[in-house]
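Asker: Protein sequence lines correspond, in order, to chains V and P.
Plus 35 on top of the position in the first sequence (first one is 1) and you've got the working numbering.
Plus 35 on top of the position in the second sequence (first one is 1) and you've got the working numbering.
I'd like to ask some things about the structure below.
There are 2 protein chains.
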Amino acid sequence: MSSEFDLIKRIQQRIPQRSDVVTGIGDDACVLAPSVDHQLVCTTDSIVLDCHFTEDWPAQDVGHLAMAVNLSDLAAMGALPRWVMLSLTLPNHAPWTQPPWLDKFLDGFLGACPDVILTGGNMAGGPLNIGVCLMGEVPSGQAIMRSGAQPGDALVVTGHLGDVAGALALSDQGGIVDGPLERRMKHPTPRVRVGQQAWGVVHAMIDISDGLLADLGHMLEASSNQRMSALGAALWLETLPASAGLMEAFPDPKTRWPLQLGGGSDYELLMSVPSSQIEAWLHSLHQMDVPASVIGRVVETPGIDLIQPDGQRYDAPLAGWDHFRST
Amino acid sequence: MSSEFDLIKRIQQRIPQRSDVVTGIGDDACVLAPSVDHQLVCTTDSIVLDCHFTEDWPAQDVGHLAMAVNLSDLAAMGALPRWVMLSLTLPNHAPWTQPPWLDKFLDGFLGACPDVILTGGNMAGGPLNIGVCLMGEVPSGQAIMRSGAQPGDALVVTGHLGDVAGALALSDQGGIVDGPLERRMKHPTPRVRVGQQAWGVVHAMIDISDGLLADLGHMLEASSNQRMSALGAALWLETLPASAGLMEAFPDPKTRWPLQLGGGSDYELLMSVPSSQIEAWLHSLHQMDVPASVIGRVVETPGIDLIQPDGQRYDAPLAGWDHFRST
């Protein structure tokens, strides 16, 4: 059994120094020097045993996920991630409070974004819960909100949709549990660089953590409120990007679309891009080696129209992820 | 059962607007405008069911405690608390996810420091865990570290010590469970204003959350490392401030001292004050209506000497609070 102070010292030893961290781990609070003419962008997300991961996950994957879900939020604002604080609630027994678990956890956590310095945190005893507070910066006025969508904008998503929902569906069916879909679940790739390139180009941006439809709904609601007139969207189902693994596991589009529309935890970015900029923006994404797809358009009619390849509307019952939904 | 989004809207409605919060609750991350020529001071502390509080606690006390423990950390740096993020992990059943619990929780949480704006957060399902990330500011270079103690400094503590340890001891003995000591446990008073007055006066400051001896030890260790020569302290046991409730419950000093020296969760401030400033500083504290006591002195001999009224050394076995200690 290692003591709380031993574990904190163990963490402290692997953190590099950087001039913007005036005081890091080891005082009552950290002291940070923010950049001139920048605004702060901050998010917090906890990951919880049996909600976001299970006991059989390698510690490194748990660490990666904890950082990645927060990086994705900052990416969606166009921010540069800089500092992070970690609040670990650990059960009072092995493997959680042992150096090997903690070391591997930190490998994944810190490895997910070497630009981020761990500046402080907290440890408590209790059911496993990993709280992360990630802070970043953006040049003043450049943060990209979810509320800026305009009629006529193209809707663009990065990467592929539905892999995590597919992995969960396969696991429910007793199918493959260590295929490419599950690896995606344990190892999402937050689009940090994409966000920073989006300044001045993208009208609105949001990360897809609750599912495409739910998060598109959030973007449209926020943008409608901002404009004080209703907005909607048309999505072309045949353009929804699917990974090879998802296509193989769910070849029937009628089975696949619900996973891509409703499944959460993809941590891709959804962007509303002015049509005049769309070609240049897709070119930029291509140069960053980021797969991207135009999947629809923002319209002045409220609601989200899902359009099948034959032009018919698609009316599957779908819902976004809700941690408290009674199912 | 309320949905996650309903609960978030419910929270959002009671948060005031302020010009330094560019974007608050409702986007992927908050956007904050820091003050020119200031540094950021940030802390995170989670409070956990059955570790820091129990199911029978009123929601308002849980909320107050969650904010107070973080305020105390910022106070110990001399920072002005400004923004907070809240990561709620709530069991998927009543009362936790119900509006009445949440409303009362927020009454206590937000009421603990009206200067602080709730700018974002996160909800997940799981064993009750309340993660708080509190951010504040200090004029650049003015943060008060724990590492600045100098030989000859007077050691000053605010308020009274040992009430929470006393409440726990009484409860273990099956004694009073709703006396003044327990009320202190549920309702600590972070010394936010004291911290801000300490700029340029106090050499070193730390909040007493792990217990006086443990936190004095942290201050001496950090200050020794900073000076690259060992420091110690002498404490005069008769000067340890005790509340009327503690004196009544534990009239024998030999029983009371261990509670005052070893007990955690007092959330008072321990300060190392240059002897030339001590009178003026005690006068300032008095004007702020903050009880304060000089309890000892920093010396150049390593170790902490506990001196009894008769001048004899006191050698009780004592340990600071450690969340992972095996008892």
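Every residue gets a Cβ at the ideal spot worked out from N, C-alpha and C, and that includes glycine.
Because the structure is a prediction, the values reported are computed rather than measured.
Quick one: what's got a C-beta closer than 6 Å to Met-158 of chain V's C-beta in the same chain, skipping five residues either side?
Answerer: If we look at Met-158 of chain V and ignore the five residues flanking it on each side, its Cβ neighbours are Glu-39, Leu-123.
Asker: If you reduce the DSSP assignment to three classes, tell me which class Gly-166 of chain V lands in.
Answerer: Three-state DSSP puts Gly-166 of chain V in a strand.
Asker: Residues in its own chain within less than 7 Å of His-238 of chain P by CB, not counting five upstream and five downstream?
Answerer: Result list for His-238 of chain P: Gly-183, Ala-184, Gln-185, Asp-188, Ser-307, Val-308, Pro-309, in chain order.
Asker: Mind reading off the beta-carbon distance from Pro-225 of chain V to Ala-103 of chain V? Whole number of angstroms is fine, and I expect it under 8 Å.
Answerer: Sure, about 5 Å apart at Cβ, within 8 Å.
Asker: 8 Å is my cut-off, CB to CB: does Cys-77 of chain P come that close to chain V?
Answerer: Yes, its Cβ sits closer than 8 Å to a Cβ of chain V.
Asker: From Glu-217 of chain P to Asp-91 of chain P, what distance separates their C-alpha atoms?
Answerer: Distance between the alpha carbons of Glu-217 of chain P and Asp-91 of chain P is about 13 Å.
Asker: Identify the residues that DSSP records as bridge partners of Ala-159 of chain P: which are they?
Answerer: According to DSSP, Ala-159 of chain P bridges with P:Thr-124.
Asker: From which residue to which residue does the beta strand (DSSP E) around Leu-137 of chain V run?
Answerer: First-last for Leu-137 of chain V: 134-146, but that is the alpha helix (DSSP H), not the beta strand (DSSP E).
Asker: Could you have a look at Asp-96 of chain V and say whether DSSP puts it in helix, strand or coil?
Answerer: Asp-96 of chain V: helix per DSSP, three-state reduction.
Asker: Rounded to a whole number of angstroms, what is the C-alpha to C-alpha distance between Leu-247 of chain P and Ala-279 of chain V?
Answerer: About 60 Å.
Asker: How many Å lie between Ala-23 of chain V and Asp-207 of chain V at the Cα?
Answerer: The structure shown has nothing for residue 23 of chain V, since chain V only spans 36 to 362.
Asker: Going by CA-CA distance only, name the one from P:Gly-252, P:Gln-261, P:Arg-262, P:Ala-257 that's closest to Ala-269 of chain P.
Answerer: Checking every option, the nearest Cα to that of Ala-269 of chain P belongs to P:Gly-252.
Asker: Can you name the residues of chain P whose CB is closer than 9 Å to the CB of Leu-109 of chain V?
Answerer: Chain P residues near Leu-109 of chain V: Asp-63, Ala-64.
Asker: By DSSP, does His-222 of chain P sit in helix, in strand, or in coil?
Answerer: Here His-222 of chain P sits in coil by DSSP.
Asker: Using the beta-carbon count (16 or more within 10 Å), is Ala-249 of chain V buried or exposed?
Answerer: By the 10 Å Cβ count, Ala-249 of chain V comes out buried.
Asker: Let me check understanding here. Comparing Cα to Cα, which of P:His-99, P:Ser-258, P:Val-229, P:Asp-245 lies closest to Arg-219 of chain P?
Answerer: The shortest C-alpha separation from Arg-219 of chain P is found at P:His-99.
Asker: Between the region 165-178 of chain P and the region 68-78 of chain P, do at least 3 Cβ pairs fall closer than 8 Å?
Answerer: As far as the Cβ criterion goes, the region 165-178 of chain P touches the region 68-78 of chain P, which means the pair count is three or higher.
Asker: Counting only Cβ pairs nearer than 7 Å, list the residues of chain P close to Met-120 of chain V.
Answerer: The contacting residues are Cys-77, Thr-79, Cys-168.
Asker: Can you check whether the CB of Leu-163 of chain V is closer than 8 Å to the CB of Arg-45 of chain V?
Answerer: Against a cut-off of 8 Å, the Cβ pair of Leu-163 of chain V and Arg-45 of chain V comes out as no contact.
Asker: Which value, in whole angstroms, describes the spacing of the CA atoms of Gly-355 of chain P and Leu-296 of chain P?
Answerer: Note that Gly-355 of chain P has pLDDT 44, beneath the 50 cutoff, so the model's placement of it is unreliable and no number is given.
Asker: Please list, in chain order, all residues of the same chain as Leu-84 of chain V whose beta carbon is under 6 Å from its beta carbon, the five residues on each side excluded.
Answerer: The residues are Leu-163.
Asker: Who are the Cβ neighbours of Gly-166 of chain P in its own chain at under 6 Å, not counting the five residues just before and after it?
Answerer: Result list for Gly-166 of chain P: Ser-81, Ser-122, in chain order.
Asker: Given that Gly-298 of chain P touches chain V, what residues does it touch there, using C-beta distances under 7 Å?
Answerer: Those within 7 Å of Gly-298 of chain P in chain V number zero; the least Cβ separation is about 17 Å.
Asker: Using the DSSP secondary-structure output, state which residues sit across from Trp-118 of chain V in a beta bridge.
Answerer: According to DSSP, which records beta bridges pairwise, Trp-118 of chain V is partnered with V:Ile-152, V:Met-170.
Asker: For Thr-193 of chain V, does the three-state DSSP call read helix, strand or coil?
Answerer: Thr-193 of chain V: strand per DSSP, three-state reduction.
Asker: Give me the Cα-Cα distance between Gln-210 of chain P and Gly-267 of chain P, rounded to the nearest whole angstrom.
Answerer: Residue identity differs from the one stated: residue 210 of chain P is Gly in this sequence, not Gln. Straight-line Cα distance between these residues: approximately 37 Å.
Asker: How many angstroms separate the CA atom of Leu-42 of chain V from the CA atom of Ala-284 of chain P?
Answerer: Near 36 Å, if we compare the C-alpha coordinates of Ala-284 of chain P and Leu-42 of chain V.
Asker: Report the residue ranges of all beta strand (DSSP E) runs contained in full by the region 243-283 of chain P; include only those spanning at least 3 residues, in chain order.
Answerer: Correct list: 267-271.
Asker: Are the Cβ atoms of Met-170 of chain P and Arg-228 of chain P separated by less than 8 Å?
Answerer: For Met-170 of chain P and Arg-228 of chain P, no; Cβs fall outside 8 Å.
Asker: Under a Cβ-count criterion, where at least 16 other Cβ atoms within 10 Å of its own Cβ denotes burial, should Lys-221 of chain V be classed as buried or exposed?
Answerer: Looking at its Cβ environment, which holds 16 or more other Cβ atoms inside 10 Å, Lys-221 of chain V is buried.
Asker: Rounded to whole angstroms, what's the CA-CA distance from Ala-202 of chain V to Ser-107 of chain P? Just pull it up for me.
Answerer: Roughly 44 Å between the two C-alpha positions.
Asker: Less than 8 Å between CB atoms is the rule here; does Met-102 of chain V satisfy it with respect to chain P?
Answerer: Answer no: the Cβ-Cβ gap between Met-102 of chain V and chain P never drops below 8 Å.
Asker: If I measure Cβ to Cβ from Asn-105 of chain P and keep anything under 6 Å in the same chain, skipping five residues before and after, which residues do I get?
Answerer: Excluding residues within five positions, the ones whose Cβ falls inside 6 Å are Thr-78, Asp-80, Val-167, Leu-169.
Asker: If I'm right that Gly-235 of chain P touches Ala-111 of chain P with Cβ under 8 Å, what's the distance once you round it to whole angstroms?
Answerer: Not quite, the Cβ-Cβ distance comes to about 16 Å (not below 8 Å), so this is no contact.
Asker: What whole-angstrom Cβ distance do Arg-49 of chain V and Leu-141 of chain V have, given they're in contact under 8 Å?
Answerer: Arg-49 of chain V to Leu-141 of chain V, Cβ: 7 Å. Contact.
Asker: Do you know whose CA, among P:Asp-96, P:Leu-153, P:Pro-149, lies nearest Val-56 of chain P's CA?
Answerer: Out of P:Asp-96, P:Leu-153, P:Pro-149, P:Leu-153 has the C-alpha closest to the C-alpha of Val-56 of chain P.
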